[in-house]
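Below is one structure; the comments refer to it alone.
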Amino acid sequence: MPDTLLCGVIGAGGFAETCHIPGLQSHPQAQVVALCGRNEANARAMADRNGIPDVYASYHELLAREEIDAVCIVTPNAAHCPIALTALEAGKHVFCEKPLSMNACEARDMEAAARRSGRVAQVAFTFRFLHGLEALRGAVRAGKIGRPYFARVRFEGGRDLHPDSTLAWRHYAEESGAGVLQDMGSHCLDLLNFALEPVTEVCGTMLRVSRARPDRKSGALREVTTDDLAGAYWRAESGLQGEFMVSRVTKLRGGNNELEVFGEEGSIRAALSRGHADTVTLEPLTRDPESLDLPEESRSGTDYALGRMMHAFADSILGAPTPGVEADFSDGR
407 MPDTLLCGVI GAGGFAETCH IPGLQSHPQA QVVALCGRNE ANARAMADRN GIPDVYASYH
467 ELLAREEIDA VCIVTPNAAH CPIALTALEA GKHVFCEKPL SMNACEARDM EAAARRSGRV
527 AQVAFTFRFL HGLEALRGAV RAGKIGRPYF ARVRFEGGRD LHPDSTLAWR HYAEESGAGV
587 LQDMGSHCLD LLNFALEPVT EVCGTMLRVS RARPDRKSGA LREVTTDDLA GAYWRAESGL
647 QGEFMVSRVT KLRGGNNELE VFGEEGSIRA ALSRGHADTV TLEPLTRDPE SLDLPEESRS
707 GTDYALGRMM HAFADSILGA PTPGVEADFS DGR
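Note that the sequence shown covers residues 407 to 739 in the working numbering.
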């Protein structure tokens, strides 16, 4: 194992600077030494702000550097598969943003390549690193609500219909594959698979609100071509059922997005955020509701789950994984 992981970040959008760069740089045995972005000037400015020495416009050039141990892929979805396959072929460990790929065929190719490579290959399912979700998962498995029979999860945000809103790559099918279904629906399904049990059947629908808005980069008026809202009913093999809804065109009412699980002896719900809102409430049928105790980090008001996720990636490479928490390419597929 290397004493210090030398890492590259491919994709110089805002989330790379929010999550991947600071997450790796805060690990005592990791350094970000290279950044790749389509706009080299923007990538250079981001690199300078974060003390990253080298900048590339081509991911091939970054991946050709033998001393780089691992890369993060923080690009539009259409680029995930080709970059990941090239990185794994080059012997790099890979951390890929979700959704893993544009479609299931690409995901199977990426999963197979990761398995052949023997390298660590993980996908960014951030909510796994919430202390609250860990507490909910443990409480359900310990029988605190009895046998679960129904669960629901919802992510909403209504900003996209505002007259001043602009469009980015997530609004275009050629770059993202799908819209909010892949963006947040992938989180919903992983939450259910991880915290409860694997979903085996699903029946759902998608909605796109027809509109044109200025493109964020070019300013040109363009049509939205991806879904704005997706809802589904699902079922697991045991008979557990539920629903999820993800939307960028409806407003969240009454607090935080949540995962809520109903059982024969009560219910439990956990707030869903990147860490700044992290609570779990247990509501037994025969007692008053109670808030479960969580580590102090959960009360910090920060998006701590992002850092925990990136540290877990580095720790896995260094031989100290947290089994059952990190999401690999099989989970992403």
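Even glycine gets a Cβ: it sits at the ideal position worked out from N, Cα and C.
State the Cα-Cα distance for the pair Phe-556 and Asp-589, rounded to the nearest angstrom.
Stepping through the sequence shown from its first residue, residue 556 is reached at position 150. Stepping through the sequence shown from its first residue, residue 589 is reached at position 183. Going by the C-alpha atoms only, they are around 24 Å apart.
Here's the rule: buried if 16 or more other CB atoms are within 10 angstroms of the residue's CB, otherwise exposed. What is Ser-768?
Residue 768 lies beyond the residue range present for the chain, which begins at 407 and ends at 739; the question has no answer from this structure.
What do you get for Phe-421, buried or exposed, if any count of 16 or more other CB atoms within 10 angstroms of its CB means buried?
Along the sequence shown, read from residue 1 onward, the residue named residue 421 stands at position 15. The residue in question, Phe-421, is exposed, as its Cβ has fewer than 16 Cβ neighbours within 10 Å.
Report the residue ranges of all beta strand (DSSP E) runs contained in full by the stretch 528 to 567; include only those spanning at least 3 residues, in chain order.
554 to 562
Just how far apart, CA to CA, sit Ala-447 and Ala-545?
Indexing the sequence shown from 1 puts residue 447 at position 41. Indexing the sequence shown from 1 puts residue 545 at position 139. In a straight line, the C-alpha of Ala-447 is about 49 Å away from that of Ala-545.
Rank Leu-602, Leu-595 and Ala-638 by C-alpha distance to the C-alpha of Met-612 and give the top, closest one.
The residue given as residue 612 occupies position 206 in the sequence shown. Measuring from the Cα of Met-612, the nearest candidate turns out to be Ala-638.
Do you know how far the Cα of Glu-664 is from the Cα of Arg-675?
Position 269 of the sequence shown, counted from the first residue, corresponds to residue 675. Position 258 of the sequence shown, counted from the first residue, corresponds to residue 664. Roughly 6 Å separates the two Cα atoms.
Bounding residues of the beta strand (DSSP E) (the contiguous stretch that carries Ala-440):
Your numbering for residue 440 matches position 34 in the sequence shown. Per DSSP, Ala-440 belongs to the beta strand (DSSP E) from 436 to 442.
Taking 8 Å as the threshold, find out whether the stretch 453 to 462 comes into contact with the stretch 680 to 700 through three or more Cβ pairs.
no
Closest by CA to Asn-509, which one among Cys-487, Ile-551 and Gln-528?
One-based indexing of the sequence shown puts residue 509 at position 103. The shortest C-alpha separation from Asn-509 is found at Cys-487.
For Thr-492, the residue or residues it bridges with in DSSP
Working through the sequence shown from its first residue, we reach residue 492 at position 86. None, per the DSSP bridge assignment.
Counting along the chain, where does the alpha helix (DSSP H) carrying Pro-428 start and finish?
By one-based count along the sequence shown, residue 428 stands at place 22. Segment 427 to 431, the alpha helix (DSSP H) holding Pro-428.
Using 7 Å as the threshold, is the C-beta distance between Lys-504 and Ser-592 below it?
If you number the sequence shown from 1, residue 504 lands on position 98. If you number the sequence shown from 1, residue 592 lands on position 186. For Lys-504 and Ser-592, yes; Cβs fall inside 7 Å.
DSSP three-state label for Arg-675, please.
Residue numbering aside, residue 675 sits at position 269 when the sequence shown is read from its first letter. Three-state DSSP puts Arg-675 in a strand.
Does the distance from the CB of Leu-494 to the CB of Ser-464 come in under 7 Å?
Against the sequence shown, residue 494 aligns to sequence position 88. Against the sequence shown, residue 464 aligns to sequence position 58. No, they are not a contact pair.
What residues match up with Ala-606 in a beta bridge as DSSP calls it?
By one-based count along the sequence shown, residue 606 stands at place 200. The amino acid at residue 606 is misidentified as Ala; the sequence shows Thr. Note: Thr-606 sits in no beta bridge, so no partner.
For the structure I just gave you, are there three or more beta carbon pairs, one from the stretch 702 to 711 and one from the stretch 471 to 483, closer than 8 Å?
no
Of the residues Arg-565, Thr-631, Pro-604 and Leu-598, the one placed nearest Gly-583, counting alpha carbons only:
Sequence index remark: in the sequence shown, residue 583 carries index 177 (1-based). It is Thr-631.
Please determine, among Leu-536, Leu-635 and Gly-661, the residue with the shortest C-alpha to C-alpha distance to Thr-600.
Looking up residue 600 in the sequence shown gives position 194. It is Phe, not Thr, that sits at residue 600 in the sequence shown. Phe-600 has its Cα closest to that of Leu-536, out of Leu-536, Leu-635 and Gly-661.
Tell me which residues share the same chain as Leu-567 and place their Cβ nearer than 7 Å to its Cβ, disregarding the 5 neighbours each side in the sequence.
Here the question's residue 567 lines up with position 161 in the sequence shown. Val-615 and Val-655, listed in sequence order.
Using the C-alpha atoms, what's the distance from Thr-481 back to Trp-575?
Residue numbering aside, residue 575 sits at position 169 when the sequence shown is read from its first letter. Residue numbering aside, residue 481 sits at position 75 when the sequence shown is read from its first letter. C-alpha separation (whole angstroms): 10 Å.
Enumerate in chain order the residues of its own chain whose CB-to-CB distance from Thr-492 is below 8 Å, with the five nearest sequence positions on each side excluded.
Locating residue 492 in the sequence shown gives position 86, counting from the first residue. For Thr-492, where only same-chain residues beyond five positions count, the Cβ hits under 8 Å are Tyr-465, His-466 and Leu-469.
Where does Ser-464 sit, in a helix, a strand or coil, going by DSSP?
As a first step, residue 464 must be located in the sequence shown, where it is residue number 58. Looking at Ser-464 - three-state DSSP - the assignment turns out to be coil, as it is neither helix nor strand.
From the DSSP output, read off the bridge partner residues of Met-452.
Here residue 452 corresponds to residue number 46 of the sequence shown, with the count starting at 1. Beta-bridge pairing links Met-452 to no other residue.
Do Arg-514 and Gly-669 have their beta-carbon atoms positioned less than 7 Å apart in this structure?
By 1-based counting over the sequence shown, the position of residue 669 is 263. By 1-based counting over the sequence shown, the position of residue 514 is 108. Not closer than 7 Å, so no.
With 16 as the cutoff for other CB atoms within 10 Å, does Asn-483 come out buried or exposed?
Mapped onto the sequence shown, residue 483 falls at position 77. With 16 or more Cβ atoms within 10 Å of its Cβ, Asn-483 is classed as buried.
May I ask you to list the residues that DSSP assigns as paired with Pro-620?
Against the sequence shown, residue 620 aligns to sequence position 214. Answer is Leu-627.
Give me whichever residues DSSP pairs with Trp-640 in a beta bridge.
Here residue 640 is taken as the residue at index 234 of the sequence shown, counted from 1. Beta-bridge pairing links Trp-640 to Val-608 and Gly-648.
Determine the direct distance from the alpha carbon of Gly-660 to that of Gly-497, and round the result to whole angstroms.
As a working note, residue 497 is residue 91 in the sequence shown. As a working note, residue 660 is residue 254 in the sequence shown. Approximately 47 Å between the Cα atoms of the pair.
How should Thr-532 be labelled, buried or exposed, when 16 other C-beta atoms within 10 angstroms of its C-beta is the threshold for buried?
Position 126 of the sequence shown, counted from the start, is the residue given in the question as residue 532. With 16 or more other Cβ atoms within 10 Å, it is buried.
How would you call Ser-432, buried or exposed, if buried means at least 16 neighbouring beta carbons within 10 angstroms?
Mapped onto the sequence shown, residue 432 falls at position 26. So Ser-432 ends up on the exposed side.
On the DSSP bridge assignment, give the partners of Asp-734 in chain order.
The residue labelled residue 734 in the question sits at position 328 within the sequence shown. Its beta-bridge partners are Gln-528.
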